[in-house]
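Scroll down for the structure; my scribbles are underneath it.
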Amino acid sequence: MSELDWGVAIDYLDVLLYGVLLTLRLSAISTVVGLAIGIAVGLCRISKNPLIAIPAAVYVEVVRGIPLLVLLFYIYFGIGYFVNMPPFIAAVSGLGIFSGAFVAEIVRSGIESISRGQMEAARSTGMTYLQAMRYVILPQAFRRILPPLAGQFISLIKDSSLVSVISVVDLTLQARNVIIATFRSFEIWTVTALLYFSLTFTLSRAVRYLERRFKVVD
Amino acid sequence: MIKLERVSKSFGHLQVLKSVNLEVKSGEVVVVLGPSGAGKSTMLRVVNGLETVDSGQVWVDGVPVHDKRTNINLLRQKIGFVFQHFELYPHLTALQNVALAPIVVKRMKKEDAEAKGVQLLSALGLSDKVGSFPAQLSGGQRQRVAIARALAMDPKVMLFDEPTSALDPEMIKEVLDAMKLLAKGGMTMIIVSHEMGFAREVADRVVFMDKGMILEEGTPEAFFSSPTHPRAVEFLEKVLR
Chain A
37 MSELDWGVAI DYLDVLLYGV LLTLRLSAIS TVVGLAIGIA VGLCRISKNP LIAIPAAVYV
97 EVVRGIPLLV LLFYIYFGIG YFVNMPPFIA AVSGLGIFSG AFVAEIVRSG IESISRGQME
157 AARSTGMTYL QAMRYVILPQ AFRRILPPLA GQFISLIKDS SLVSVISVVD LTLQARNVII
217 ATFRSFEIWT VTALLYFSLT FTLSRAVRYL ERRFKVVD
Chain B
45 MIKLERVSKS FGHLQVLKSV NLEVKSGEVV VVLGPSGAGK STMLRVVNGL ETVDSGQVWV
105 DGVPVHDKRT NINLLRQKIG FVFQHFELYP HLTALQNVAL APIVVKRMKK EDAEAKGVQL
165 LSALGLSDKV GSFPAQLSGG QRQRVAIARA LAMDPKVMLF DEPTSALDPE MIKEVLDAMK
225 LLAKGGMTMI IVSHEMGFAR EVADRVVFMD KGMILEEGTP EAFFSSPTHP RAVEFLEKVL
285 R
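Residue numbers (the numbering used here), protein chains in the order written: chain A, 37 to 254; chain B, 45 to 285.
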């Protein structure tokens with residue numbers, strides 16, 4: 037067995053960090069897309085109008101039932117067969133649609149956890165349903181769902197490694213490229229794992245801070 | 045100012061309001077008494093449309109509440125509502141609780157709404173609690189903030205749904221005093237309450253409800269000294285011991 041050569045990881049650190057940057061950018065944009073879809077679909081899920089609630093429920097069930105890898109292939113190769121589909125756009129769509137389904141369920145449960153009296157109190161002062169949602173219900177719900185939401189977005193960073201199979205040059209694909217050039221799998225995968233961990237751990241600490249900052253005693 | 049005409053309402057098989065008629069004149073203070081399950085809270089909640097009606101109509105300031113063409117959000121600005129469990133917004137300070145609706149609904153400037161909020165909170169003896177969150181306040185203080193929140197919209201009527209039932213005994217007085225102040229100021233009020241002393245002292249009229257019907261109404265003197273309906277007699281015997 038050959039000696040370990042950690043120098044390789046240092047030599048190629050810039051290549052790996054390029055991948056980190058792309059993974060970060062991809063995760064950040066997908067998080068925003070997923071959050072937007074999740075809030076919209078989550079609100080639709082609690083609608084009393086079945087024409088709104090049922091399509092939202094179908095979206096959640098269908099997307100949660102498909103592996104992310106298949107969803108990415110479906111968008112990149114399937115839909116890409118009909119329209120021009122750059123890998124990055126396919127990756128953002130896939131991750132956004134995927135995490136949107138999970139965020140929708142988190143948002144729905146968060147809203148439902150706020151007592152009915154809060155909505156009634158807001159409505160009794162003349163607020164519309166949407167005003168009451170925006171100023172009274174959602175701010176409270178968000179404080180409550182911050183921990184599960186953080187878990188969801190940590191998953192998203194990790195899941196984003198799958199986009200390497202549709203030739204998005206993220207951290208995982210860069211790691212594979214470096215290994216092809218150096219044959220140093222143990223060292224490079226170790227460093228890659230540490231880089232992913234540093235991303236997710238930073239996010240998890242940041243959310244912890246937010247949680248304490250916005251704590252509501254009730 | 046408020047008029048209920050043959051209002052009926054059921055929850056499933058249980059009929060909670062049976063053709064209720066009630067009229068409240070401008071400036072009048074009406075206290076609604078009766079055993080629990082009598083339909084008192086439901087009657088109050090149909091007045092500002094928190095509950096729908098199965099039949100009948102309610103008018104507030106001449107506007108039919110349960111009419112599809114009525115803008116209920118506009119009408120509710122005229123109707124302050126105080127809940128048994130306060131329902132303050134826990135993520136906002138006392139002042140923000142009071143100023144929110146004027147800012148959002150009436151598009152009042154933030155400074156103006158807050159100036160008004162401070163004024164209202166001070167009038168209710170809460171000038172040092174402006175920046176406190178609901179969790180930092182006692183029950184009596186919370187309910188006074190809730191009253192200030194309702195008053196911030198300059199309502200023409202105020203509805204109170206058992207405003208002191210969730211309070212410790214020593215906090216009841218401060219809330220009742222705030223309500224007395226309002227009554228003296230000429231506010232039109234309907235109050236669902238179990239506070240007999242308050243009803244006797246402040247009410248212009250007492251309404252007794254049981255099993256979804258108004259069984260008796262009259263001045264507090266007449267009602268407390270010589271109730272006529274057997275169930276009212278029975279109720280008073282129980283609560284006055």
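Think of the CB as a built atom: it goes at the ideal place given N, C-alpha and C, for glycine as much as any other residue.
(message) Quick check on D172/B: does DSSP put it in helix, strand or coil?
(response) For the purposes of this step, residue 172/B is identified with residue 128 of the second sequence, where counting begins at 1. Three-state DSSP puts D172/B in a helix.
(message) Within 10 Å of its beta-carbon, does P134/B have 16 or more other beta-carbons around it, so buried, or fewer, so exposed?
(response) Looking up residue 134/B in the second sequence gives position 90. Classification of P134/B: buried, given that the 10 Å Cβ count is 16 or more.
(message) Taking DSSP's pairing of strands, which residues face S52/B in a bridge?
(response) Counting from one through the second sequence, the residue named residue 52/B turns up at place 8. Beta bridge pairing from DSSP links S52/B with S99/B.
(request) Write down the C-beta distance between E260/B and A276/B rounded to the nearest angstrom, noting that I regard them as a contact closer than 8 Å. (result) Residue numbering aside, residue 260/B sits at position 216 when the second sequence is read from its first letter. Residue numbering aside, residue 276/B sits at position 232 when the second sequence is read from its first letter. The C-beta distance from E260/B to A276/B rounds to 5 Å, short enough to meet the 8 Å contact threshold.
(message) Tell me whether the segment 211-219 of chain B and the segment 235-253 of chain A touch, counting them as touching only if at least three CB pairs, one residue from each stretch, are closer than 8 Å.
(response) Under the 8 Å Cβ criterion, the segment 211-219 of chain B does not count as touching the segment 235-253 of chain A, having fewer than three qualifying pairs.
(request) Report yes or no: is there a C-beta of chain A within less than 8 Å of the C-beta of F127/B? (result) Walking along the second sequence from the start, residue 127/B turns up at place 83. Interface residue, yes.
(message) For the pair the segment 216-226 of chain A and the segment 119-136 of chain A, tell me if three or more CB-CB distances fall below 8 Å.
(response) No, the segment 216-226 of chain A is not in contact with the segment 119-136 of chain A.
(request) At 8 Å on the CB atoms, spell out the chain A contacts of Q185/B, in chain order. (result) As a position in the second sequence, residue 185/B is number 141, starting the count at 1. Here the premise fails: no neighbours, minimum Cβ distance about 15 Å.
(message) I'd like the span of the beta strand (DSSP E) that includes S197/A, first residue to last.
(response) Counted from its first residue, the first sequence places residue 197/A at position 161. Element bounds for S197/A: n/a, residue is neither H nor E.
(message) What does the Cβ neighbour count give for F134/A, buried or exposed, with the cut at 16 atoms within 10 Å?
(response) By one-based count along the first sequence, residue 134/A stands at place 98. Buried, since its Cβ has 16 or more Cβ neighbours within 10 Å.
(message) Is A210/B close to the ligand MG? I mean its beta-carbon at under 7 Å from any heavy atom of the ligand.
(response) Absence of the ligand MG is noted for the structure shown, with no ligands found whatsoever.
(message) Please report whether the beta-carbon of S160/A lies at a distance below 8 Å from any beta-carbon of chain B.
(response) On the first sequence, position 124 is the one that residue 160/A refers to. Chain B, which has a Cβ nearer than 8 Å to the Cβ of S160/A, makes this yes.
(message) Tell me which residues share the same chain as V68/B and place their Cβ nearer than 7 Å to its Cβ, disregarding the 5 neighbours each side in the sequence.
(response) Translated into positions along the second sequence, residue 68/B becomes position 24. Counting only Cβ-Cβ distances below 7 Å, and skipping sequence neighbours, we find M45, I46, V74, T232, I234.
(message) Taking 8 Å as the threshold (beta carbon to beta carbon), is M163/A in contact with chain B?
(response) Numbered from its first residue, the first sequence carries residue 163/A at position 127. It does: the Cβ of M163/A has a partner Cβ on chain B nearer than 8 Å.
(request) Give the secondary structure of M121/A by DSSP, where H, G and I count as helix, E and B as strand, and everything else as coil. (result) Sequence index remark: in the first sequence, residue 121/A carries index 85 (1-based). In the three-state reduction of the DSSP assignment, M121/A falls in the coil class, being assigned neither a helical nor a strand state.
(request) Starting from K47/B, follow its DSSP beta bridges and name the residues at the other end. (result) Translated into the one-based positions of the second sequence, residue 47/B becomes position 3. Looking at the DSSP assignment, K47/B forms a beta bridge with E67/B, W103/B.
(request) From the DSSP output, in three-state form, read off R249/B for me. (result) In the second sequence, the residue the question calls residue 249/B occupies position 205. Note: R249/B maps to strand in three-state DSSP.
(message) So, with DSSP's three-state summary, where would you put Q176/A?
(response) By 1-based counting over the first sequence, the position of residue 176/A is 140. Helix.
(message) Three or more C-beta pairs under 8 Å: does that hold for the segment 46-65 of chain B against the segment 97-112 of chain B?
(response) Enough Cβ pairs lie closer than 8 Å, so yes.
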